[in-house]
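Heads up: the structure comes next, in structure tokens.
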Amino acid sequence: MEFSSKLLEKAVNEMAQLPGIGKRTALRLVLHLLKQPKEQTEFLSEALVRMREEIKFCESCHNISDVAICEICSNSKRNHQIICVVEDVRDVMAIENTGQFRGIYHVLGGKISPIDGVGPSQLKITTLVEKVKSGNVQELIFALSSTMEGDTTNFYIYKQVKEFEIITSTIARGISVGDELEFADEVTLGRSLINRIPFENALKSQ
């Protein structure tokens, strides 16, 4: 792809680094920005810079937040004894969109995947186990994607907490095996939460 401007080329190359955006799409986006009022591009730039510099991760659940403790964790109307364990913040958004869950979350930040060099120490598992040890947790709901990595992560956490007197459950398999939560429709995801099953039962069916 030939460029008449080095500035244009650099902007396109930077835009093309975003997931799912190739060079041609990046070029269309950059040219679109060039056609807009200068202020609109400045608003976009400012929003991105502020997000990168000021955004926080909740000290309790590790969800993205503007403050030290996110709105979900600080909400006294949520059931803090029920924790939904998810891979990342997109899963929190997907579950919240169902309107079916009133507990709180714990964002692991990924899944155990030896082939990708991701082990338990790279995830937020220790803080989850500490919550269980505190005695304030009644149930853990495993809501990771039904992939080999997701199942491996569920089982690892289960082994860490099974000695404690808590319920461990997993979302019902209304979500197809191999599917990611963020792509599930809200009705299916909501029903999978409501119809969750004991994690021990899920182990027997594997």
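Residues are numbered in the working numbering as their position in the sequence shown, beginning at 1, plus a constant of 65. For glycine and all other residues, C-beta sits at the position ideal for the given N, C-alpha and C.
### Message
Runs of 3 residues minimum, wholly inside the region 199-238: which ones carry the beta strand (DSSP E) assignment?
### Response
204-207 and 232-235
### Query
Cα separation between F207 and K100?
Locating residue 207 in the sequence shown gives position 142, where the first residue counts as 1. Locating residue 100 in the sequence shown gives position 35, where the first residue counts as 1. About 47 angstroms.
### Message
I want to know whether the region 182-200 touches the region 155-168 - three or more CB-CB distances under 8 angstroms.
### Response
no
### Message
Here's a check: name, in chain order, each residue in its chain whose Cβ is nearer than 6 angstroms to the Cβ of L188, leaving out the five neighbours to either side.
### Response
Against the sequence shown, residue 188 aligns to sequence position 123. Closer than 6 angstroms at Cβ, skipping near neighbours: L173, G174 and G175.
### Query
Nearest CA to the CA of E204: which residue from V194, M116, T212 and S210?
Indexing the sequence shown from 1 puts residue 204 at position 139. Looking at the Cα atoms, V194 is the closest of the given residues.
### Message
Is the beta carbon of L258 closer than 7 angstroms to that of I231?
### Response
Counting from 1 along the sequence shown, the entry for residue 231 is found at position 166. Counting from 1 along the sequence shown, the entry for residue 258 is found at position 193. Their beta carbons are not under 7 angstroms apart, which means I231 does not touch L258 by this criterion.
### Task
Would you kindly check if the distance between the Cβ of V151 and the Cβ of V157 is under 7 angstroms?
Within the sequence shown, numbered from 1, the residue matching residue 157 stands at position 92. Within the sequence shown, numbered from 1, the residue matching residue 151 stands at position 86. Yes. Within cutoff.
### Message
DSSP three-state label for V132, please.
### Response
Taking the first residue of the sequence shown as 1, we reach residue 132 at position 67. In the structure shown, V132 sits in coil (DSSP, three-state: anything other than H, G, I, E or B).
### Query
Is the distance from the Cβ of Y223 to the Cβ of T233 below 7 angstroms?
Here the question's residue 223 lines up with position 158 in the sequence shown. Here the question's residue 233 lines up with position 168 in the sequence shown. Yes.
### Query
Under three-state DSSP, which class holds P102?
Here residue 102 refers to the residue found at position 37 of the sequence shown. In the structure shown, P102 sits in coil (DSSP, three-state: anything other than H, G, I, E or B).
### Query
For K88 versus A81, is the C-beta distance shorter than 7 angstroms?
Your numbering for residue 88 matches position 23 in the sequence shown. Your numbering for residue 81 matches position 16 in the sequence shown. It is a contact, given that the beta carbons lie within the stated cut-off.
### Task
Give me the Cα-Cα distance between N78 and V226, rounded to the nearest whole angstrom.
For this step, residue 78 is matched to residue 13 along the sequence shown. For this step, residue 226 is matched to residue 161 along the sequence shown. Distance between the alpha carbons of N78 and V226 is about 46 angstroms.
### Task
Could you say which of H145, R143, I169 and K142 lies nearest to V154 if we only look at CA atoms?
In the sequence shown, the residue the question calls residue 154 occupies position 89. The shortest C-alpha separation from V154 is found at I169.
### Collapsed DSSP secondary structure at K121 in the structure displayed
Numbered from 1 along the sequence shown, position 56 holds the residue referred to as residue 121. If DSSP states are grouped into helix, strand and coil, K121 belongs with the strands.
### Proximity winner among E214, L113 and R143, relative to S178 (alpha-carbon distances)
Your numbering for residue 178 matches position 113 in the sequence shown. Checking every option, the nearest Cα to that of S178 belongs to E214.
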